[in-house]
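Below: the structure, in structure tokens.
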């Protein structure tokens, strides 16, 4: 079987829930915005600064203490210019403001500017628009490809200037009628506002360089040149002191010049020259002769501007400023990095705090502005930690650059309290009075302070485990979450105790400790498909929410408690039916999820919480640094997030449909499923409309579907989904019963993905042969087990003993015809359930030379067995597939369990293992393995082993599997004692069949389980060599107290016994009586082949099981389970055969003993046709009471009456003729039919 590709990231579009009510999310400007492309200092008030990103403009009135977003644009901002003569007039490529950005109006863009400027939108945007120094309505735009345009009405209209040069344009601020234009081929000047131009000659190296920026300052022209039109960064600077007649190159002699790859901006004023580069800011005070590094360690600078302030915009570190042209820099916000590593906090006063890059920002809701409390660190990604004080809600506790400090919001002052000895991670946990504090370092160590942060010491945490999160409750309990376990400490971290009681044995999935903000010892945890919680420190873990489904994936990303009650929690649904992200509230009382539509992105999933000052006001920060808030009590529709399970089987025999794609609600879920292949059972959403689409394997979307069907799955139910029929019915033969042959999808409920009867085989039979009549399925020499199954239909579940059978298929209307027979070996199918599908064509030649009749068994895991047609050679087994240990895995136990997949036609298997892949003289060479697992013992340490498997049957040996290899582990100490889970200590009224469960122990090869009637385990039953962490015992006595413990073992020895647990079994129920068989009597003869078996009802029984066989030892046998009546009609029993049968009763908890075995013998074989040799003259009378005995004729037919008398006699039964059967009695022996 080829591997199927499953798409289990469901982005579903169920129409049932399109009316979801969404919270009205509002955006709050945050300190994290895009890379800074342009900065500007107001020429009148230097405290007013502007910063421009690709889509927004920001302004600060107080030199960066707080910022406001004054413009947001869906389109890129590739022009930004402020009028020299009026600092309140601002132009962008499509907007204009005359009041410093308070209001904006739409302007006419420069013709063709969108085409040209979009090509270089990251370029310096200073010279793309020149504003007249005295009249802000006069503007010039020189496009290098489309000419120079002029506007005299404030960009309401534009006109091209004939014969004007193309390039960068700038005014001479001291002579406004004079403009300069630097083109790719020449430098030009005008003295009459651009009406006529004078060429000053070709720029130096014009063939190799093009101008990227043009600056004029006090009679000196500077041009930043780049190598190529499409090059965004400059490479050299030239200057001219005589209006462009002569040019000289500025030697940028700086340290580490070899690292200089980008000159992004040039700014000049009053003899000062600044260049912004990828390695920092450099200053020259002598027109470029000498240079000083002037960046304060901030690099990747995009732009620089200055008056008596220097302001730079960085790609990574936002905006930075220095006053009075000194090198004393302060970072003032607007950072472009993702907010995925930020912390978002709020206090009861209404303030919000954002921590990132070692910096801390505060927002006041009343002004919706931000201020920088601590600037971000320049070189280290994360070197700070933060929390709000529990003792004083108006204070912030932080670790910054190894200093533990306290910031008073009220007094706006910092106080250094102590020193932290390492680089901290972002979280601090505090006690209610802030005297005990915990913080994790970047190298994974956990530190504690018991003196309010004055000094810190490392704690001894579990060895070999990575700390993921920690939490200090209001009741002074400390909790620690690692990658392997959950711990608690009642002594402030001096010692730890594992918290696993009540949890399954699987690894923890959560990476964050979730807790109730009111009851901080109420913890939550996700494992597998369940949410667990423990209500207090001493409580056990219990299931909070029983299961999730594919509708509700990735719950572990974040979960928080409702502010008012721990009876409900909030979690994120990253992808719902419509592809949107939702916040969902789960109420434990009503067991439903309420969705609230959000605008969350990947960063928001880890950064959302309730505001401390407003119940149900939820805040989240997205990856662009935007902070959103909304009331999550907005009305929401109730949605059932339960799931159903389905298994899809491709059983269409149409040769043109050999490979198919399957879509669910327009989403591809299966790619390239081949004919007679199947999926395992998997989850789908229940309670909402689901639309399946089938398309050929070349499809690109659900629009390519050739057939579809809509249905609604019921919660908790399992379904078989079968694809059958043909695409073009005109090319295939008709169905004898007139059934539709169109390609279709059958969705059948009541599917089983687990066996319900011990030591039996269960299956359901499907007829998927489009040209076949209704079919009876008969077990040769036993009985019919499926009656009149027409195309597209199915039988009830059939139960058999695991044995070797021949299944015969015959038309329901023809007893003498056998269509096909299959060898069905079920000896390895004990306690398995599967679907049995008849596929193909009865006449392949008349059906496009399609596949012949094929009988396929499909197991719940998607594996399939093709049973052999009796008329063909059975063949050797096909190649099997290895499962575990995984190929090339290391540190495998010295006693590994080798597993492989079952394969078609294999009766047993051969395993070889060796230290060489050639297997010349294998260490292990075992044939006759009837299972698909094998335990190998006594392997050498630190040794590489190779292994392979092949199937065997009576026809020969199959092909070897691929060769896999693994390496064993090294020597190890004896294992630790196991931790017991179930049955819990002190449990009462347990079942007598009980599963013992304990936690796995590292470096363990097997376990020993011991249980006894007394606490001294004398006497005791000891079960050794258990390789799993569960073991089921089904022979315990009722009303009995048992003690049990477990120990682990490896090659180095045994562990101590675990803690001793005790439990008591429940009282025994009243036993059910054996049924009494009624009909037929024991040893009855000449019974019909369609006899009805009968027995007496048993008090208290809910159903019965019947077993019938032609062997008195019931091997083989047909088993009928869950019979609700006290009778069962048999079909197609074999003639002249003695059958043995027995019945037992059952209720929900127990079964009775089998009844006494009774037998009967069926009637002998009868001829297939009868004929009457003489013509009988029978008088006709109008009244039957006028008949005399001489008027009757008695005709006897030997054998069974399994033929039609209507074809032998004219007229109606009981009017023209009557039929009787002889019961063998001495009198009254004719019994009418």
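Numbering (the numbering used here), first residue to last: 16 to 1248. Each residue gets a CB set at the ideal place from its N, CA and C atoms; glycine is no exception.
DSSP on residue 717, reduced to helix/strand/coil? Secondary structure at residue 717: helix, using DSSP grouped into helix, strand and coil.
Host beta strand (DSSP E) of residue 1059 (start-end): Run containing residue 1059: 1056-1065, per the beta strand (DSSP E) assignment.
Quick one, are the C-beta atoms of residue 156 and residue 165 less than 9 Å apart? Yes.
Roughly how many whole angstroms lie between the Cα atoms of residue 466 and residue 77? Cα-Cα distance, rounded: 39 Å.
For residue 800, which of 786, 785 and 827 has the nearest alpha-carbon? Sorting 786, 785 and 827 by C-alpha distance to the C-alpha of residue 800 places 827 at the top.
Is it the case that the Cβ atoms of residue 194 and residue 209 are separated by a distance below 9 Å? Going by beta carbons, residue 194 and residue 209 fall inside the 9 Å limit.
Quick check: the Cα distance between residue 1026 and residue 1059, rounded to an integer number of angstroms? Whole-angstrom Cα-Cα distance: 4 Å.
According to the neighbour-count rule (16 or more other Cβ atoms, all chains shown, within 10 Å of its Cβ), is residue 278 buried or exposed? With 16 or more other Cβ atoms within 10 Å, it is buried.
C-beta contact flag for residue 885 and residue 990 at 9 Å: Going by beta carbons, residue 885 and residue 990 fall outside the 9 Å limit.
Considering Cα atoms alone, identify which of 1108, 1095, 995 and 1088 is closest to residue 1114. Nearest of 1108, 1095, 995 and 1088 to residue 1114, Cα basis: 1088.
Based on DSSP bridge pairs, tell me the residues matched to residue 167. As far as DSSP is concerned, residue 167 takes part in no beta bridge.
Would you mind stating whether residue 783 and residue 671 have Cβ atoms separated by less than 9 Å? The answer is no: Cβ separation not under 9 Å.
In the DSSP assignment, find the unbroken beta strand (DSSP E) run with residue 1161 in it and report its ends. Going by DSSP, residue 1161 is part of the beta strand (DSSP E) stretching over 1153-1161.
Excluding sequence positions up to five away, which residues of its chain have a Cβ less than 8 Å from the Cβ of residue 1149? For residue 1149, where only same-chain residues beyond five positions count, the Cβ hits under 8 Å are 796, 797, 798, 1104, 1125 and 1177.
Does the region 183-192 touch the region 224-237, meaning 3 or more C-beta pairs lie closer than 8 Å? A contact between stretches requires three or more CB pairs, one per stretch, nearer than 8 Å, and the region 224-237 meets this requirement with the region 183-192.
Using 8 Å as the cut-off, can you tell me whether the region 160-177 makes contact with the region 121-129, which would need three or more C-beta pairs spanning the two stretches below that distance? The region 160-177 makes contact with the region 121-129, as at least three CB pairs between them are under 8 Å.
Return the CA-CA distance between residue 674 and residue 462, expressed in angstroms with no decimal places. For residue 674 and residue 462, the distance between alpha carbons rounds to 59 Å.
With contact counted as at least three CB pairs below 8 Å, one residue from each stretch, are the region 767-787 and the region 843-863 in contact? At 8 Å Cβ cutoff, the stretches touch.
Pick from 1131, 518, 118 and 508: whose alpha carbon is nearest that of residue 815? That would be 1131, whose Cα lies nearest to the Cα of residue 815.
Buried or exposed, going by whether 16 or more other CB atoms sit within 10 Å of the CB of residue 731? Exposed, since its Cβ has fewer than 16 Cβ neighbours within 10 Å.
For residue 441, which residues of its own chain have a beta-carbon under 6 Å away from its beta-carbon, when the five flanking residues on both sides are left out? Excluding positions up to five away in sequence, the list reads 358 and 400.
Less than 8 Å between the CB atoms is what I'm expecting for residue 678 and residue 707, so what's the real figure, rounded? Rounded, the Cβ-Cβ distance is 7 Å, consistent with contact.
Rounded to whole angstroms, what is the Cα-Cα separation between residue 1053 and residue 492? Each residue's Cα considered, the two are about 41 Å apart.
For residue 912, I'd like the list of residues in its chain whose CB is within less than 7 Å of its CB, leaving aside the five on either flank, ordered along the chain. Cβ within range, chain order: 948, 950 and 1042.
Quick check on the burial criterion: 16 or more other C-beta atoms within 10 angstroms. Buried or exposed for residue 998? Buried, by the Cβ-count rule.
Using 8 Å as the Cβ pair cut-off and three pairs as the minimum, do the region 721-740 and the region 661-668 touch? Note that the region 721-740 touches the region 661-668; at least 3 beta-carbon pairs, one per stretch, sit closer than 8 Å.
Straight-line gap, residue 789 to residue 752 (C-alpha atoms, nearest Å): Residue 789 and residue 752: Cα-Cα distance of roughly 7 Å.
Within 10 angstroms of the Cβ of residue 694, are there 16 or more other Cβ atoms? Answer buried if so, exposed if not. That one is buried.
According to the neighbour-count rule (16 or more other Cβ atoms, all chains shown, within 10 Å of its Cβ), is residue 965 buried or exposed? It is buried - the Cβ of residue 965 has at least 16 other Cβ atoms within 10 Å.
Please report the distance separating the alpha-carbon of residue 825 from that of residue 515. Roughly 58 Å between the two C-alpha positions.
Kindly list the residues whose CB is nearer than 6 Å to the CB of residue 829, restricted to its own chain and excluding five residues on each side of it in sequence; keep chain order. Excluding positions up to five away in sequence, the list is empty.
Report the option in 842, 241 and 712 whose CA atom is closest to the CA atom of residue 821. Of all alpha-carbon atoms in 842, 241 and 712, the one lying nearest the alpha-carbon of residue 821 is that of 842.
Would you check if there are 3 or more beta carbon pairs closer than 8 Å linking the region 1063-1077 to the region 1093-1112? Not touching, per the Cβ criterion.
If you draw a straight line from the C-alpha of residue 405 to the C-alpha of residue 623, how long is it? Those two C-alpha atoms are separated by around 20 Å.
Buried versus exposed, by CB contacts within 10 Å (16 or more), residue 895: It is buried - the Cβ of residue 895 has at least 16 other Cβ atoms within 10 Å.
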